[in-house]
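Visitor: Questions regarding the structure given below will be posed in turn.
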Amino acid sequence: MTAPRIAVISNPHSGWNKTHLQKLDAVLQDYPHVPHYVTADHDALYDALSACREQRVDMIVINGGDGTIDDCLTLLRGGDLFDAGLEPSFAFLPGGTTNMTHMMRGSGRSVLRGLKQILKRASQASSWSDFAPYCKARPVLKVQVKGTDKPIYGFFFGTAGIPKAISYSRSTYHEKGLRGAIGHVLTIGKMIIKLLRGHIYEDPVLHPVEVQYGFEDYKWRDSDAVLFYVTALPRLLLGIKTHATRQQYCIGGLGVPYYRLLSSLVPFWRGKTPQDGSSAFFSFATDQKVALKFSASWTLDGALYDFDGQTELEIEQGTPLQVYEFE
């Protein structure tokens, strides 16, 4: 019987990794059989994934932020690196600037503690079948942009004010060293204050955008959206809960005109947005493919896509990932 084969992939440009990657190398010194691939660009990442295939790795530990995880999944599936049914399991370590994907239940909150836990459990397992119960199926979004050949994969799609808020946060707070939760709190707090004050139509971040969306009934719905998102994550930044489950993803946002914003915030934060139209927000779960049309920038897990005329894309559930659950 063969012990679980583990490999680690790190993005040296991610937030935590820029200054602390040597600490991870120090941990791995006690596990010389665990390869560590430091991938500075897409070519290096593809080479690392190819090596994992050749070594028949059981689990890939991704040490990076949301963008690193998306790049891995898109290259892995878009490049047909693994045959059907032979895709490895994954573990996510929060080494990035933005780590919203790590809000999934069981994902690691510390790079070093998380890695040590994985390596300890793997060393105690005599085979992958002993280790596999620590991994659970997690949903993922498959995004197909019209006019492109291959889909991209991720966990959180956003348009309207969301990509502009990300850009604002990076240019205003990240450059001052206020990264992570501090930057998120400051950005979301400022956006809420602006929304409560109103007068958003001329605001560079929060002015509404027309978003059209439709399901398999081929009926288009129009939304003048301040915020619009599709996510497979049960929790977002600062613990905001969604209606996403392991079988369904969540569509949500904030349209205009909006009323009762202040009284709607707490139920929205708790994932209890009512479905009767009494809330300023909308949020619901679905397992249907959704088609979108909009003329605005958009984001997939923090990666920003600039506005270039009307964008048309489709989002559906991709094949679930097997993801390691931390204690």
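Every number in the numbering used here is 861 more than the matching position in the sequence shown, counting from 1.
Ideal Cβ positions, reconstructed from N, Cα and C, are used throughout, including at glycine.
The model shown is predicted, which means the values in this text are computed figures rather than measured ones.
Give me, in chain order, the residues of the same chain whose beta-carbon lies closer than 6 Å to that of residue 1072; leave out the 5 immediate sequence neighbours on both sides.
Guide: 1084, 1086, 1089 and 1155
Visitor: Sort 1066, 1168, 1108 and 985 by Cα distance to residue 1157 and report the nearest one.
Guide: Selection 1066, 1168, 1108 and 985 evaluated against residue 1157 yields 1168 as nearest (Cα-Cα).
Visitor: Quick one: grab the DSSP three-state call for residue 876.
Guide: coil
Visitor: Look at residue 1163 and residue 928 and say whether their C-beta atoms are less than 7 Å apart.
Guide: yes
Visitor: Spell out the partners DSSP gives residue 1072 in its beta bridges.
Guide: 1084 and 1155
Visitor: Along the chain, where does the alpha helix (DSSP H) that runs through residue 999 open and close?
Guide: Here residue 999 belongs to no alpha helix (DSSP H); instead the beta strand (DSSP E) covers 996–999.
Visitor: Count the other C-beta atoms from every protein chain shown that fall within 10 angstroms of the C-beta of residue 1133, then say buried if there are 16 or more, exposed otherwise.
Guide: Under the 10 Å beta carbon count, residue 1133 is surrounded by fewer than 16 other beta carbons and is classified as exposed.
Visitor: Would you tell me roughly how many angstroms separate the C-alpha atoms of residue 893 and residue 936, rounded to the nearest one?
Guide: 26 Å
Visitor: Please report the straight-line C-alpha distance between residue 967 and residue 1188, rounded to a whole angstrom.
Guide: The predicted position of residue 967 is uncertain, since its pLDDT is 47 and thus under 50; a value taken from the coordinates is nonetheless stated next. So the two alpha carbons sit approximately 6 Å from each other.
Visitor: By alpha-carbon positions, which one of 868, 1166, 916 and 1099 ends up nearest to residue 889?
Guide: 868
Visitor: Could you check which residue in 1067, 1159 and 1079 has the C-alpha nearest to that of residue 1115?
Guide: Out of 1067, 1159 and 1079, 1067 has the C-alpha closest to the C-alpha of residue 1115.
Visitor: Can you tell which of 1170, 1082, 1001 and 1007 has its C-alpha closest to the C-alpha of residue 1106?
Guide: That would be 1001, whose Cα lies nearest to the Cα of residue 1106.
Visitor: Starting from the Cα of residue 1095, find the closest Cα among 990, 988 and 1145 and give me that residue.
Guide: 1145
Visitor: Quick check on DSSP: helix, strand or coil for residue 1168?
Guide: coil
Visitor: Determine whether the beta carbon atoms of residue 919 and residue 865 lie at a separation below 7 Å.
Guide: yes
Visitor: Considering only residues of the same chain and omitting the five flanking positions on each side of residue 879, which have a CB-CB separation below 6 Å?
Guide: If the five residues before and after residue 879 are omitted, its C-beta is found closer than 6 Å to no C-beta atom of its own chain.
Visitor: Could you tell me whether the Cβ atoms of residue 1174 and residue 1004 are closer together than 7 Å?
Guide: Yes, the pair counts as a contact, with Cβ atoms nearer than the cut-off.
Visitor: Rounded to the nearest angstrom, what separates residue 1177 and residue 1074 at their Cα positions?
Guide: Answer to the nearest angstrom: the Cα atoms are 13 Å apart.
Visitor: Could you tell me the boundaries of the beta strand (DSSP E) in which residue 1061 lies?
Guide: First-last for residue 1061: undefined, no H or E at that position.
Visitor: Does DSSP put residue 1022 in a helix, in a strand, or in coil?
Guide: helix
Visitor: Compare the Cα-Cα distances from residue 1046 to each of 1061, 1058, 1059 and 1029 and report the closest residue.
Guide: 1029
Visitor: For residue 1104, which residues in the same chain have their Cβ closer than 7 Å to its Cβ, ignoring the five residues on either side in sequence?
Guide: Only 1111, 1132, 1144, 1145 and 1146 meet the Cβ criterion.
Visitor: Can the beta-carbon of residue 1141 be found less than 7 Å from the beta-carbon of residue 1119?
Guide: yes
Visitor: With DSSP run on the structure shown, which of helix, strand or coil describes residue 903?
Guide: helix
Visitor: Please classify residue 1082: is it buried, with 16 or more other beta-carbons within 10 angstroms of its beta-carbon, or exposed?
Guide: exposed
Visitor: Considering Cα atoms alone, identify which of 1171, 1170, 1172 and 1165 is closest to residue 931.
Guide: Its Cα nearest to that of residue 931, the residue 1165 stands out among 1171, 1170, 1172 and 1165.
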